[in-house]
């Protein structure tokens, strides 16, 4: 009986041991400047967002930095001063100058209470789309079926296979991102009572040819350096069949840092619902700070709806 009592007491100790208190000290890291180069491309003027990092248990407050000295220095030493403005309830820094392609730029940020922060990047030369080929077989079949029978049930979920062709520059590493936008219009009444029509572009998901799942096509030229390459994508069929605006396929040439940043963000979004996935560290090219300062350039192809007899759109 005595032995049984000892076993019960020992088991009770194990049970209560599972609920013992533990003190965990969270690191109180010093705040850093976080830089976000919002639109580092030749079609836009300089626009940079500055915020401050906070510790794990920080609760609330304004994270925007509005009293910094922000300047851009090019490779010849010319300085562009950026000034703070309020944009959609955010503080951003801008200038009227535009960055140029293939020119090295360094951002330097001095903000009270923070170490001096800097980063360097450039805008790669845009790689032009040379042609787009569309397998319009399904389009033709469905259009003919509807013409013959207006009650025909069209399978709008089926994607159409497309190939985007471009010539990859040789003897250098290149990085790409492909996106699809649909052109539309919105109307609103301004303060003078006038009706204003505004053109806007809505991003539509591209579809993986193997899984038919929405994807972001982020790639490098490891397998096709210096070659003409045909990147296969699938475009939702209903965009061709319904009365919508023109489709815009955008091929973005990325700097190395921007590619690594986007790749890490994509991986984080993929893993965030997996409790067993390894933590993803977002790529950062800011010295003495956080964030991303990285250039990019775009090539745009306006895609008309294919005619019944057309397979290749040139």
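Residue numbers (the working numbering): 1 to 314.
A virtual CB, placed ideally from N, CA and C, is assigned to each residue, including glycine.
Owing to the predicted nature of the structure, the values given are computational and were not obtained by experimental measurement.
Return the CA-CA distance between residue i and residue j, expressed in angstroms with no decimal places.
i: residue 273; j: residue 262; result: 18 Å
i: residue 254; j: residue 174; result: 7 Å
i: residue 154; j: residue 146; result: 8 Å
i: residue 148; j: residue 202; result: 33 Å
i: residue 279; j: residue 188; result: 45 Å
i: residue 92; j: residue 113; result: 19 Å
i: residue 282; j: residue 77; result: 30 Å
i: residue 264; j: residue 194; result: 45 Å
i: residue 134; j: residue 123; result: 31 Å
i: residue 21; j: residue 35; result: For residue 21, the predicted structure reports a pLDDT of 46, less than 50, and the residue's modelled location is therefore unreliable. The matter cannot be settled from this model.
i: residue 302; j: residue 245; result: 10 Å
i: residue 304; j: residue 83; result: 41 Å
i: residue 24; j: residue 33; result: Residue placement at residue 24 is flagged as unreliable, the pLDDT there being 42, under the threshold of 50; a coordinate-derived value is accordingly withheld.
i: residue 158; j: residue 237; result: 6 Å
i: residue 37; j: residue 240; result: 35 Å
i: residue 130; j: residue 136; result: 19 Å
i: residue 138; j: residue 234; result: 13 Å
i: residue 171; j: residue 228; result: 14 Å
i: residue 99; j: residue 143; result: 46 Å
i: residue 90; j: residue 221; result: 37 Å
i: residue 160; j: residue 232; result: 10 Å
i: residue 247; j: residue 204; result: 10 Å
i: residue 85; j: residue 200; result: 24 Å
Write down the C-beta distance between residue i and residue j rounded to the nearest angstrom, noting that I regard them as a contact closer than 8 Å.
i: residue 66; j: residue 31; result: The Cβ separation is near 15 Å, so there is no contact.
i: residue 95; j: residue 51; result: About 19 Å; that fails the 8 Å criterion.
i: residue 198; j: residue 185; result: 7 Å
i: residue 299; j: residue 251; result: 5 Å
i: residue 101; j: residue 125; result: 6 Å
i: residue 286; j: residue 180; result: Between residue 180 and residue 286 the Cβ distance is about 31 Å, and since that is not below 8 Å, they are no contact.
i: residue 226; j: residue 163; result: In fact, because the Cβ distance is near 19 Å, the residues do not count as touching under 8 Å.
Would you say residue i touches the ligand MG, meaning its beta carbon is less than 6 Å from a heavy atom?
i: residue 282; result: Ligands in the displayed structure: none, and consequently the ligand MG is not present.
State the beta-bridge partners of residue i as determined by DSSP.
i: residue 84; result: 93
i: residue 159; result: 236
i: residue 121; result: 105
i: residue 183; result: 201
i: residue 34; result: 51, 290
i: residue 255; result: Answer by DSSP bridge pairing: none, since residue 255 is not bridged.
i: residue 195; result: 189
i: residue 110; result: 69
i: residue 74; result: 105
Check residue i in the structure and name its three-state DSSP category.
i: residue 136; result: coil
i: residue 130; result: strand
i: residue 166; result: strand
i: residue 145; result: helix
i: residue 222; result: coil
i: residue 116; result: coil
i: residue 280; result: coil
i: residue 228; result: strand
i: residue 174; result: coil
i: residue 302; result: strand
i: residue 260; result: helix
i: residue 154; result: coil
i: residue 272; result: coil
i: residue 217; result: strand
i: residue 247; result: strand
i: residue 297; result: strand
i: residue 206; result: strand
Which residues in the same chain as residue i place their Cβ atom closer than 6 Å to its Cβ, once the five residues preceding and following it in sequence are excluded?
i: residue 258; result: 294, 296
i: residue 115; result: 288
i: residue 284; result: 290
i: residue 110; result: 69, 116
i: residue 316; result: Missing from the structure shown is residue 316; the chain here goes from 1 to 314 and no further.
i: residue 152; result: 145, 146
Spatial neighbours of residue i within its chain, please: C-beta separation below 7 Å, excluding the five flanking residues on both sides.
i: residue 277; result: 271
i: residue 260; result: 283
i: residue 97; result: 45, 46, 80
i: residue 42; result: 98, 99, 100, 101, 123, 297
Near residue i, what residues of its chain come up, given a Cβ to Cβ distance below 8 Å and the 5 sequence neighbours on each side ignored?
i: residue 63; result: 51, 52, 54
i: residue 127; result: 166, 167, 168, 169, 174, 176, 251, 253, 299
i: residue 121; result: 37, 40, 104, 105, 255, 257, 258, 285, 293, 294, 295
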